[in-house]
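Worksheet: the structure to be examined is printed underneath.
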Amino acid sequence: MRECKLLSFAIVLVLFLVNGVNGEDPYRFFTWKITYGDIYPLGVKQQGILINGQFPGPQIDAVTNDNLVISVFNYLREPFLISWDGIQQRRNSWQDGVYGTNCPILPGKNFTYNIQVKDQIGSFFYFPSFLFHKAAGGFGGIRIWSRPKIPVPFPNPAGDFTVLAGDWYKTNHYILRRSYLEFGRNLPSPDGLLINGRGWNGYTFTVDQGRTYRFRISNVGLTTSINFRIQGHKLKLVEVEGSHTLQNIYDSLDIHLGQSYSVLVTADQPVQDYYVVVSSRFTLGYSPQQPFFTTAIRAREFQVLSLGVLAHRLLGPSARQDLSASGPRPNPQGSYHYGLIKPARTIMLATLLLISMGSRDTPLKLADYFKIPGVFSVGSIPTNPTGGSGYLQTSVMHANFREYVEIVFQNWEDTVQSWHIDGYSFFVMGMDGGQWTPASRVRYNLRDTVARSTTQVYPRSWTAIYVALDNVGMWNVRSENWARQYLGQQFYLRVYSPANSWRDEYPIPRNARLCGRARGRRTRPL
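Each number in our numbering comes from the position in the sequence shown (counting from 1) with 580 added on.
What follows is the structure in structure tokens.
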């Protein structure tokens, strides 16, 4: 009788374990070793940051809702952090990988990121966020595929290529940081542009004539907007940072700092070499010693070309959502009527150049969690910053959980700006020249604007966004111009819920690194 009971218990236990495994989203495990190594992106030997010996780093492929477990071992001589551009980190700013939320990984140490790509699809990238390491490499592509049962609004392409493009300096990142930025000097002009870690020495995409391919293009550069095109071929835009778009046809696309686009390209031309062109954009008076290059197709291959600067012109928002397409879930993307919701308040960000993010030894997220006084004060950056002299400030703006807000980026400079919000996708409502006023809302797209995490703000112009603050945490709002970000053109948005519930935000991770005034404190286990 006792043996029968034990057998029954074992059967129940096995069934429970099987059902538990089947009911949980899959896990993907990565081990990354961060080292210095010799690279030759512009034909000149220089020191780069490698991940598992690779420059750029390994591609991350995941499916909607997958759990990513990424163990990062730092073999550099200085602290290191990796951030995930566009990955929303639902309820989990603990994994954001920026200095306001995480202690850096010290030399010889490791940290394991636990990330779920919850309800996401699309094209993104990761990059090093600390000590201007982005100028030395350490970046790579992220592709989040739709679940098999959820159709995408285009036939499966014959191939899927990642294009990591951006400006590049031959000068060591340490010299750029110490000799320029920390002395208040502007960076010099870049020495060239790269595609997937290569400049004029070339990178090749191989294709078959008559077939259609997907190109996922991310601007991973430091300071320069780019234009992307393929000689003799049209670009069909299909996705922007996780949103399926109306499939308009373009000769070329402007891609600003931090932005990612997906296009379909059909190799419908005669068999020969065709250039995949990346050139600088919205850059005044730029004349690099080494011209900006590209990469091409030969309806067998796409290779590399040198081009100069394209003339500046002001473009309005062109990408619009495909409201009939499913996103990461089976319901149509247009079922969320963002344009019918009245924002609770308007945040004007017109003078952020005057506010420099003060450096602290204790990440703001840890100070908030442990209630450490003196690190920051909520509201240290107002909703409507006013003009005046520049100043240092540990900039934290308060926001309430589930608040729906309008944010207006006003740019009075002569250069294009690019702004990113960690932890969120937002709706780009409109952009235009001159001063934003409440009357500007009559030009908003209230029906099918694209949702994304990074937007451009053209010179002497404004861009307005709507965002539903449904993700509790301490989230970085920053310039994607990495020299400006390093000098402090950023702040943190503290999205607060008084419930203190795991339903709103995950608890501090058991492996959280503690530094500064948080050192030695105890964390509660997961």
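Cβ coordinates follow ideal geometry from the N, Cα and C atoms, glycine included. Since the model is a prediction, treat every value here as computed from it, not as a measurement.
### Message
Contact between the stretch 1065-1082 and the stretch 836-853 is defined here as three or more beta-carbon pairs at a separation below 8 Å; is this criterion met?
### Response
no
### Query
Along the chain, where does the alpha helix (DSSP H) that runs through residue 949 open and close?
Taking the first residue of the sequence shown as position 1, residue 949 is located at position 369. 944-950 is the span of the alpha helix (DSSP H), which, as asked, contains residue 949.
#### Entry: Proximity to residue 1000 [Cα-Cα], best of 989, 957, 1059
On the sequence shown, residue 1000 is found 420 positions in, with the first residue counted as 1. With distances taken between Cα atoms, residue 1000 lies closest to 1059.
### Task
Pick helix, strand or coil for residue 1097, following the three-state DSSP scheme.
Taking the first residue of the sequence shown as 1, we reach residue 1097 at position 517. Looking at residue 1097 - three-state DSSP - the assignment turns out to be helix.
### N- and C-terminal bounds of the alpha helix (DSSP H) containing residue 1072
By one-based count along the sequence shown, residue 1072 stands at place 492. No alpha helix (DSSP H) holds residue 1072; the beta strand (DSSP E) holding it covers 1070-1076.
### Query
So what's residue 888 in DSSP terms, helix, strand or just coil?
For the purposes of this step, residue 888 is taken as the residue at position 308 of the sequence shown. Any reading at residue 888 is ruled out, since the residue's pLDDT is 34, under 50, leaving its predicted position unreliable.
### Cβ pair residue 984, residue 923 closer than 7 Å
As a working mapping, residue 984 is identified with position 404 in the sequence shown. As a working mapping, residue 923 is identified with position 343 in the sequence shown. Yes, the pair counts as a contact, with Cβ atoms nearer than the cut-off.
### Task
May I ask you to list the residues that DSSP assigns as paired with residue 912?
Against the sequence shown, residue 912 aligns to sequence position 332. Bridge partners of residue 912: 906.
### Message
Cutting at 6 Å between CB atoms, please list the residues of its own chain near residue 959, excluding the five before and the five after it.
### Response
Indexing the sequence shown from 1 puts residue 959 at position 379. Counting only Cβ-Cβ distances below 6 Å, and skipping sequence neighbours, we find 978.
### Task
Spatial neighbours of residue 1092 within its chain, please: CB distance less than 6 Å, with the 5 preceding and 5 following residues excluded, ordered by chain position.
Indexing the sequence shown from 1 puts residue 1092 at position 512. Result list for residue 1092: 1103, in chain order.
### Message
Can you find the residues in the same chain that come closer than 7 Å, C-beta to C-beta, to residue 893, ignoring five residues on each side of it along the sequence?
### Response
Residue numbering aside, residue 893 sits at position 313 when the sequence shown is read from its first letter. Because the pLDDT of residue 893 is 35, which lies under 50, any placement of that residue in the model is unreliable, and the number read from its coordinates should be weighed accordingly. For residue 893, where only same-chain residues beyond five positions count, there are no Cβ hits under 7 Å.
### Task
Could you give the DSSP three-state label for residue 623: helix, strand or coil?
In the sequence shown, counting from the first residue as 1, residue 623 sits at position 43. Correct three-state label for residue 623: coil.
### Task
For the stretch 688-752, list the beta strand (DSSP E) runs that are entirely contained and at least 3 residues long, ordered along the chain.
690-696, 702-708, 720-725, 739-748
### Task
Could you tell me if the beta carbon of residue 1094 falls within a distance shorter than 6 Å of some heavy atom in the ligand FAD?
The model on display carries no ligand, and the ligand FAD is accordingly not part of it.
### Task
Let me know the secondary structure DSSP gives residue 1013 once reduced to three states.
Your numbering for residue 1013 matches position 433 in the sequence shown. It is a strand residue.
### Query
From residue 899 to residue 1026, what distance separates their C-alpha atoms?
Position 319 of the sequence shown, counted from the first residue, corresponds to residue 899. Position 446 of the sequence shown, counted from the first residue, corresponds to residue 1026. Their backbone Cα atoms lie some 14 Å apart in a straight line.
### Message
DSSP three-state label for residue 1053, please.
### Response
Counted from its first residue, the sequence shown places residue 1053 at position 473. Looking at residue 1053 - three-state DSSP - the assignment turns out to be strand.
### Query
So who's on the other strand from residue 668, going by DSSP bridges?
As a first step, residue 668 must be located in the sequence shown, where it is residue number 88. Partner(s): none; residue 668 has no beta bridge.
#### Entry: Euclidean distance between Cα positions of residue 855 and residue 964
For this step, residue 855 is matched to residue 275 along the sequence shown. For this step, residue 964 is matched to residue 384 along the sequence shown. Using only the alpha carbons, I get a separation of about 46 Å.
### Query
Would residue 1075 pass as a contact of residue 1057 if the rule is Cβ separation under 7 Å?
Locating residue 1075 in the sequence shown gives position 495, where the first residue counts as 1. Locating residue 1057 in the sequence shown gives position 477, where the first residue counts as 1. For residue 1075 and residue 1057, no; Cβs fall outside 7 Å.
### Message
Helix, strand or coil, according to DSSP, for residue 999 in the structure here?
### Response
Locating residue 999 in the sequence shown gives position 419, where the first residue counts as 1. Three-state result, residue 999: strand.
### Message
Counting beta carbon pairs with one atom in the stretch 823-840 and one in the stretch 779-792, are three or more of them shorter than 8 Å?
### Response
no
### Local Cβ density within 10 Å of residue 695, reported as buried at 16 or more and exposed below that
What you label residue 695 is simply residue 115 of the sequence shown in a count that begins at 1. Residue 695 comes out buried.
### Task
Determine, using beta-carbon pairs with one atom in the stretch 764-773 and one in the stretch 803-819, whether at least three such pairs fall under 8 Å.
yes
### Simplified DSSP assignment, three categories, for residue 990
As a position in the sequence shown, residue 990 is number 410, starting the count at 1. Here residue 990 sits in strand by DSSP.
### Task
Determine contact between the stretch 609-619 and the stretch 641-656, defined as no fewer than three beta-carbon pairs at a distance below 8 Å.
yes
### Query
Looking at C-alpha atoms only, which residue of 1085, 1039, 1017 is the closest neighbour of residue 1050?
As a first step, residue 1050 must be located in the sequence shown, where it is residue number 470. Comparing Cα-Cα distances from residue 1050 to each of 1085, 1039, 1017, the minimum goes to 1085.
### Task
Using beta-carbon positions only, say whether residue 1034 and residue 839 come within less than 7 Å of one another.
Taking the sequence shown and counting its residues from 1, one reaches residue 1034 at position 454. Taking the sequence shown and counting its residues from 1, one reaches residue 839 at position 259. Their beta carbons are under 7 Å apart, which means residue 1034 touches residue 839 by this criterion.
### Task
Could you check what DSSP says for residue 875 in three-state terms: helix, strand or coil?
Against the sequence shown, residue 875 aligns to sequence position 295. Caution applies to residue 875, whose pLDDT of 49 falls short of 50 and renders its modelled position unreliable; the value that the coordinates give is listed next. Strand at residue 875.
### Query
First and last residue of the alpha helix (DSSP H) that includes residue 1066?
Counted from its first residue, the sequence shown places residue 1066 at position 486. Its alpha helix (DSSP H) spans residues 1062-1067.
### Query
What's the call for residue 763, buried or exposed, on a 16-neighbour Cβ count within 10 Å?
Here the question's residue 763 lines up with position 183 in the sequence shown. Residue 763 comes out exposed.
### Message
Rounded to whole angstroms, what is the Cα-Cα separation between residue 868 and residue 747?
### Response
For the purposes of this step, residue 868 is identified with residue 288 of the sequence shown, where counting begins at 1. For the purposes of this step, residue 747 is identified with residue 167 of the sequence shown, where counting begins at 1. Reliability of the predicted coordinates at residue 868 is poor, the pLDDT of 33 falling under 50, and no value is obtained from them.
### Query
So does the stretch 696-707 actually touch the stretch 719-726, counting three or more Cβ pairs closer than 8 Å?
yes
### Task
Starting from residue 654, trace the beta strand (DSSP E) both ways and give me its first and last residue.
Counted from its first residue, the sequence shown places residue 654 at position 74. Counting along the chain, the beta strand (DSSP E) containing residue 654 begins and ends at 647-654.
### Query
So, using beta-carbon positions, are residue 681 and residue 945 closer together than 7 Å?
On the sequence shown, position 101 is the one that residue 681 refers to. On the sequence shown, position 365 is the one that residue 945 refers to. Against a cut-off of 7 Å, the Cβ pair of residue 945 and residue 681 comes out as a contact.
#### Entry: Backbone secondary structure at residue 1086 - three-state DSSP
Walking along the sequence shown from the start, residue 1086 turns up at place 506. Residue state, collapsed to three classes: coil.
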